[in-house]
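Visitor:
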Amino acid sequence: MIHQACIACGEKYGADEILYSCRRCGDLLEVKYDYDVMEEKLKKSDWQSLPLSVWRYKDFMPIKVSSKIVSLNEGGTGLHSCQRLANLLGVKQLYVKNEGENPTGSFKDRGMTVGVTKAVELNMETVICASTGNTSASLAAYAAKAGLQCIVLIPSGKIAYGKLAQAMVYGAKIVQIRGNFDQALKMVLELSEKHREIYLLNSINPYRLEGQRSLAYEICDQLNREAPDRVILPVGNAGNISAMWKGFTEFHKLGLINKLPKMTGIQAEGAAPIAQAIKKGSNEIVPIDQPETIATAIRIGAPVSWKKAIRAIGESKGTAETVTDEEILEAQKMLARSEGLFVEPASASSIAGLKKLFESGKIDEDEVVVCVTTGHGLKDPDIIMKISEKPFEVDAEMVSIEKLLGLTLPIPATMVSG
Ligand SMILES: Cc1ncc(COP(=O)(O)O)c(C=O)c1O
Ligand SMILES: [Zn+2]
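Residue 382 in my numbering sits at position 369 of the sequence shown, and the numbers go up by one each step.
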């Protein structure tokens, strides 16, 4: 039977109980399955013949009634073989799993399709989240699709414009707080505890993370049922690395893959409590009061899923690294110019992390690496305007354009023959 359980004390809760932490000890919850039951269900299912998408993995998801699924056609994103970039970096084989190809332009859609479906199953009418931008864009879209009210709390002036525009156009009630993401998260938690009619869809809600496991399943399926040696991804609130690890271990448990990847989390230097803990060999994080980075999506000082993330990194024999804003922006440009993939700064941190870890000898050149790029570059065009060389401007005359481009004028035919 599907149920929820505490990751620390193991206390069990019913699948339909609405709670965001363990009532006994306060720790995080996770969704649990009976994998024998799942295996039987999979044997009778045609899932392997379905196209790649989150809902190809319906039999893995904690959803009861298919007719209630709220979908915008999420998942099925490209796993791009990036040989040109691999050559530039010195590694042999590199893939980029480009989550910007999702309906609202980020991996959050994988979680929201499941989370909002759960909200509908539970007959909730209002959903809420705190967000650095992408979560609010995604929740607002899925809430619109489901006909639910949506409230989002965001740090004022600290989210990328494209994301704010998304939440606005999808009709969410947007509250900008004069504070940071960590404060916004605390407030939505309190609000949804106090006003039980409001359903919280941050990654503290274990159902949302269940959808994000599909990211791991897809990578294995795209690699012909093999796990890569290593997965590198940006880490903010740390839900995604936890969800992906759960996904890989499940495929392994079910005999669908025969090895597991090393989970490697990358954080921006000014917002890196998990990477710092890993570097110190500590199992506890020290939250950061004033996190800072241009990668606003991962500008988080007190990641809620830190314990799950540290477990994932430890169990998988992975690691964590920090990268500077400069390294992030350089990686963003490098990926765009060598592979034609435009990702937002937070996403580029996975490439910057690979570069740094490879150069310091912590990643072997023979490893098959998958970098996850979590969000589309168009979400944050401002940063490109600030850092890129400006376009040229000339008069609308052929001669001016030729001069600018350094094109020599063809020699007239009469002069050649004469
Ligand atoms: C583009 C992008 N990358 C990475 C992350 C971090 O994901 P997580 O909070 O699950 O660690 C986020 C979270 O908002 C994001 O929007
Ligand atoms: Zn507990």
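Even glycine gets a Cβ: it sits at the ideal position worked out from N, Cα and C.
Out of 67, 111 and 267, which has the shortest C-alpha to C-alpha gap to residue 124?
Guide: Among 67, 111 and 267, the Cα nearest to that of residue 124 belongs to 67.
Visitor: Count the CB pairs spanning the region 140–148 and the region 187–202 that are closer than 8 Å, and state whether there are at least three.
Guide: The region 140–148 is in contact with the region 187–202.
Visitor: What does the Cβ neighbour count give for residue 414, buried or exposed, with the cut at 16 atoms within 10 Å?
Guide: Counting Cβ neighbours within 10 Å, residue 414 comes out exposed, since fewer than 16 surround it.
Visitor: Are residue 220 and residue 330 closer than 7 Å when you measure CB to CB?
Guide: No, these two residues do not count as a Cβ contact at 7 Å.
Visitor: Per the DSSP calculation, residue 382 is bridged to which residue(s)?
Guide: Partner(s): 107 and 243.
Visitor: How about residue 172 and residue 192: are their beta carbons less than 7 Å apart?
Guide: No. Outside cutoff.
Visitor: Does the region 337–354 touch the region 86–101, meaning 3 or more C-beta pairs lie closer than 8 Å?
Guide: Contact between the region 86–101 and the region 337–354 is present, because at least three Cβ pairs lie under 8 Å.
Visitor: Assign residue 389 to one of two classes, buried (16 or more other C-beta atoms within 10 Å of its C-beta) or exposed (fewer than that).
Guide: Buried is the call here.
Visitor: Just to confirm my understanding: we take residue 64, look at its own chain, exclude 5 residues before and 5 after, and list those with CB closer than 7 Å. What are they?
Guide: Once the five neighbours on either side are set aside, the close Cβ partners of residue 64 are 89.
Visitor: Using only the alpha-carbon positions, how far apart do residue 175 and residue 190 sit?
Guide: If I take the Cα positions, the gap works out to 18 Å.
Visitor: Please list the terminal residues of the continuous beta strand (DSSP E) segment that includes residue 230.
Guide: Unbroken run through residue 230 is the alpha helix (DSSP H), 227–235; no beta strand (DSSP E).
Visitor: What three-state label does DSSP hand residue 265 in the structure shown?
Guide: Note: residue 265 maps to helix in three-state DSSP.
Visitor: Could you give the distance in angstroms between the alpha-carbon of residue 445 and the alpha-carbon of residue 355?
Guide: Nothing can be reported for residue 445, as the shown portion of the chain is limited to 14 through 431.
Visitor: Do the region 285–302 and the region 328–342 meet, that is, are 3 or more Cβ pairs less than 8 Å apart?
Guide: The answer is yes - the region 328–342 touches the region 285–302, with three or more Cβ pairs under 8 Å.
Visitor: DSSP three-state label for residue 257, please.
Guide: Here residue 257 sits in helix by DSSP.
Visitor: Is residue 386 near ligand 1, judged by its Cβ being under 6 Å from some heavy atom?
Guide: For ligand 1, not one heavy atom lies less than 6 Å from the Cβ of residue 386.
Visitor: Taking the Cβ atom as the reference point for each residue, do residue 83 and residue 155 lie within a distance shorter than 7 Å?
Guide: Contact flag set, yes.
Visitor: Does the beta carbon of residue 247 fall short of 6 Å from some heavy atom of ligand 1?
Guide: Flag set: Cβ of residue 247 near ligand 1.
Visitor: Using CA coordinates, which residue listed in 24, 39, 75 and 36 is at the minimum distance from residue 48?
Guide: Minimum Cα distance to residue 48 is reached at 75.
Visitor: Report the rounded CA-to-CA distance for residue 376 versus residue 254, giving the unit in angstroms.
Guide: Residue 376 and residue 254: Cα-Cα distance of roughly 18 Å.
Visitor: At 4 residues or longer, what runs of the alpha helix (DSSP H) sit wholly inside the region 187–215?
Guide: 194–207, all fully within the region 187–215.
Visitor: Can you give me the Cβ contacts of residue 394 inside the same chain, cut-off strictly under 6 Å, excluding the 5 residues immediately before and after it?
Guide: Nothing meets the Cβ criterion.
Visitor: So is the beta-carbon of residue 24 under 6 Å away from any non-hydrogen atom of ligand 2?
Guide: Result yes, Cβ under 6 Å from ligand 2.
Visitor: Please confirm whether any heavy atom of ligand 2 lies closer than 6 Å to the CB of residue 37.
Guide: Result yes, Cβ under 6 Å from ligand 2.
Visitor: Given a cut-off of 7 Å, decide if residue 240 and residue 274 are closer than it, judged by their beta-carbon atoms.
Guide: Result yes, Cβ atoms of residue 274 and residue 240 sit closer than 7 Å.
Visitor: Would you say residue 145 touches ligand 1, meaning its beta carbon is less than 6 Å from a heavy atom?
Guide: Because some heavy atom of ligand 1 lies under 6 Å away, the Cβ of residue 145 counts as near it: yes.
Visitor: Which residues does DSSP pair with residue 94 in a beta bridge?
Guide: DSSP output for residue 94 lists 108 as bridge partner(s).
Visitor: Could you tell me the alpha carbon to alpha carbon distance between residue 129 and residue 243, rounded to whole angstroms?
Guide: Rounded to whole angstroms, residue 129 to residue 243 spans 31 Å at the Cα level.
Visitor: State yes or no: is the C-beta of residue 437 within less than 7 Å of the C-beta of residue 213?
Guide: Given that the chain is displayed from residue 14 to residue 431, the structure contains no residue 437 and the question cannot be resolved.
Visitor: Sort 28, 17 and 53 by Cα distance to residue 40 and report the nearest one.
Guide: The shortest Cα separation from residue 40 among 28, 17 and 53 belongs to 17.
Visitor: If we cut at 7 Å on Cβ distances, does residue 256 have a partner in chain B?
Guide: Absent from the structure is chain B; it holds one protein chain and no more.
Visitor: Use the C-beta contact count for residue 369: other C-beta atoms within 10 angstroms, 16 or more gives buried, fewer gives exposed.
Guide: Its Cβ being crowded by 16 or more others within 10 Å, residue 369 is buried.
Visitor: Please return the same chain residues whose Cβ sits closer than 8 Å to the Cβ of residue 264, not counting the five positions on each side in sequence.
Guide: These residues qualify, in order along the chain: 229, 230, 233, 240 and 270.
Visitor: Which residue from 324, 317 and 366 puts its Cα closest to that of residue 341?
Guide: Out of 324, 317 and 366, 366 has the C-alpha closest to the C-alpha of residue 341.
Visitor: Taking its Cβ as the centre, do 16 or more other Cβ atoms sit within 10 Å of residue 421, making it buried, or is it exposed?
Guide: That one is exposed.
Visitor: Put residue 333 into one of helix, strand or coil per three-state DSSP.
Guide: Residue state, collapsed to three classes: strand.
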